[in-house]
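Position one of the sequence shown corresponds to residue 105 (my numbering), numbered consecutively onward.
For each residue, glycine too, the CB sits at the ideal point set by N, CA and C.
Quantities reported herein were computed from a predicted structural model and do not represent experimental measurements.
Take a look at the structure below.
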Amino acid sequence: MNEIIEKAKCFHKLDKEEIVSLLKNNSINKELFQTADEVRRKYVGDEVHLRGLVEFSNICKQNCLYCGLQKNNGNVERYRLSEEEIFDFAQKAVGYGYKTLVMQSGEDGYFSTEKLVKIIKKVKTLDVAVTMSIGECPKEDYKAFKEAGANRFLLRIETTDPVLYAKMHPNMSHENRMRCLKDLQELGYETGTGCLVGLPEQTLESLADDILFFKELNADMIGIGPFIPNQDTPLKDAEGGTFELALKVMAITRLLLPDINIPATTAMETLDPKGRLIALQSGANVVMPNVTEGDYRKKYLIYPGKICLNDTPAHCRGCITGKISSIGRTVSKD
Ligand code: 5AD
Ligand code: FES
Numbered sequence: 105m106n107e108i109i110e111k112a113k114c115f116h117k118l119d120k121e122e123i124v125s126l127l128k129n130n131s132i133n134k135e136l137f138q139t140a141d142e143v144r145r146k147y148v149g150d151e152v153h154l155r156g157l158v159e160f161s162n163i164c165k166q167n168c169l170y171c172g173l174q175k176n177n178g179n180v181e182r183y184r185l186s187e188e189e190i191f192d193f194a195q196k197a198v199g200y201g202y203k204t205l206v207m208q209s210g211e212d213g214y215f216s217t218e219k220l221v222k223i224i225k226k227v228k229t230l231d232v233a234v235t236m237s238i239g240e241c242p243k244e245d246y247k248a249f250k251e252a253g254a255n256r257f258l259l260r261i262e263t264t265d266p267v268l269y270a271k272m273h274p275n276m277s278h279e280n281r282m283r284c285l286k287d288l289q290e291l292g293y294e295t296g297t298g299c300l301v302g303l304p305e306q307t308l309e310s311l312a313d314d315i316l317f318f319k320e321l322n323a324d325m326i327g328i329g330p331f332i333p334n335q336d337t338p339l340k341d342a343e344g345g346t347f348e349l350a351l352k353v354m355a356i357t358r359l360l361l362p363d364i365n366i367p368a369t370t371a372m373e374t375l376d377p378k379g380r381l382i383a384l385q386s387g388a389n390v391v392m393p394n395v396t397e398g399d400y401r402k403k404y405l406i407y408p409g410k411i412c413l414n415d416t417p418a419h420c421r422g423c424i425t426g427k428i429s430s431i432g433r434t435v436s437k438d
């Protein structure tokens, strides 16, 4: 076996140089994916955890260069769900069997702390775990959401390279992003982060730093996806990330953080029709199907080619359960 993979499998520790050499060398990919699959089985088992994703607003005050929901994009039909709709979608998702809901939106100022607290409290009456994915907030707000019952928070660092971070995120700072992640951990959230793979000028060294950062942060969940250029953003002509490299970053993350949750991301399936299944067999143990009902999901267009745009939550639930069974895995009941 490749020595570095073997070392990662036994000790779950690698230095930057070793990670870069794994990322560079494509002849070891099969071995890397298989080993990540073994480590996943040993530490988190064969169950796949489903999280229902409610996309409750596509309005965003930020201008992340890569994101289709950025404020400057005039081609998006904007929406925000009412409190009643959010609760209705959450209730339906619980009916389909979801035990965890992820409430995601752009950074939409309309949803004040007070409004969100009210929504979280209401959704918590459904006896589900609640994950928030709403971007950067002051610590007091994170605290209020936690007290209202939110259990987890997802906030990708996107890239740990401060220079690239600054280029990709006008008027935002790497420093504040880190502050948010630290606050979330201090408040006792199960904290998820992650990165984009294939941003312009992003190097393999920088991706190795991202992986080391996940380890240092001791995150509970890491979401990794390829960057897919969106025609309505300044990065429309960028090359974008590849499925293979995103899968490699994910697999190495599994080797170094053996017991965390790693989603097979939707962006992976956008680049490969079997993307999520391949990811589940290369280190991932979570899938986040969309539970947004009606026409809204077509409007939550972060990147082009997003899957399941014309499907219903009921259909996706059945579809993904079938896919998971087809690879000999089971959907977790808890
Ligand atoms: N391609 C792939 N993923 C993207 N995201 C934002 N824009 C894109 C894109 N063009 C990811 C970010 C964000 C998550 C919700 O979606 O990493 O954290
Ligand atoms: Fe939505 Fe398969 S998960 S159609």
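For His273, three-class secondary structure by DSSP: coil
At least three beta-carbon pairs within less than 8 Å, the region 223-233 to the region 264-280: no
Straight-line Cα distance separating Val152 from Asp192: 25 Å
Bounding residues of the beta strand (DSSP E) (the contiguous stretch that carries Cys299): Glu294 to Val301
Rounded Cβ spacing between Leu259 and Leu288 (contact assumed at less than 8 Å): 7 Å
Leu300: CB within 6 Å of a non-hydrogen atom of the ligand 5AD: yes
Nearest candidate by alpha-carbon position, reference Ile74, set Ala270, Lys196, Lys340 and Leu285: For residue 74 there is no data in the structure shown, the boundaries of the chain being 105 and 438.
Backbone CA spacing between Glu218 and Leu185 [nearest angstrom]: 16 Å
Three-state secondary structure assigned by DSSP to Ala388: coil
Check: Arg260 C-beta below 6 Å from any heavy atom of the ligand 5AD: yes
Contact belief for Ile332 with Pro408 at Cβ below 8 Å, rounded distance in angstroms: 7 Å
Given 8 Å, three or more beta-carbon pairs between the region 195-211 and the region 395-410: yes
DSSP-derived helix/strand/coil call for Ser186: coil
In DSSP terms, what Phe257 is bridged to: Met236 and Thr295
Delimiting residues of the alpha helix (DSSP H) encompassing Glu151: It is not in any alpha helix (DSSP H) - Glu151 instead sits in the beta strand (DSSP E) that spans Glu151 to Leu154.
C-beta atoms of Thr369 and Gly329 nearer than 7 Å: yes
Local Cβ density within 10 Å of Arg144, reported as buried at 16 or more and exposed below that: buried
Nearest residue (CA-CA) to Leu127, options Pro338, Gly387 and Ala355: Ala355
3-residue-minimum beta strand (DSSP E) runs that sit fully inside the region 114-186, ordered along the chain: 151-154 and 156-161
Gly344 burial status per 10 Å Cβ neighbour count (16 or more: buried): buried
heavy atom of the ligand 5AD below 6 Å from Ala350 C-beta: no
For Ile328: DSSP bridge partner residues: Cys299
Start-to-end residues for the beta strand (DSSP E) that takes in Thr204: Thr204 to Ser209
According to DSSP, residues forming a beta bridge with Asn334: Asn334 pairs with nothing; no bridge assigned.
Identity of the residue in Lys402, Ile424 and Ser125 nearest Lys378 by Cα: Ile424
Residue range of the alpha helix (DSSP H) that includes Pro377: Premise fails: Pro377 is in no alpha helix (DSSP H) and is neither H nor E.
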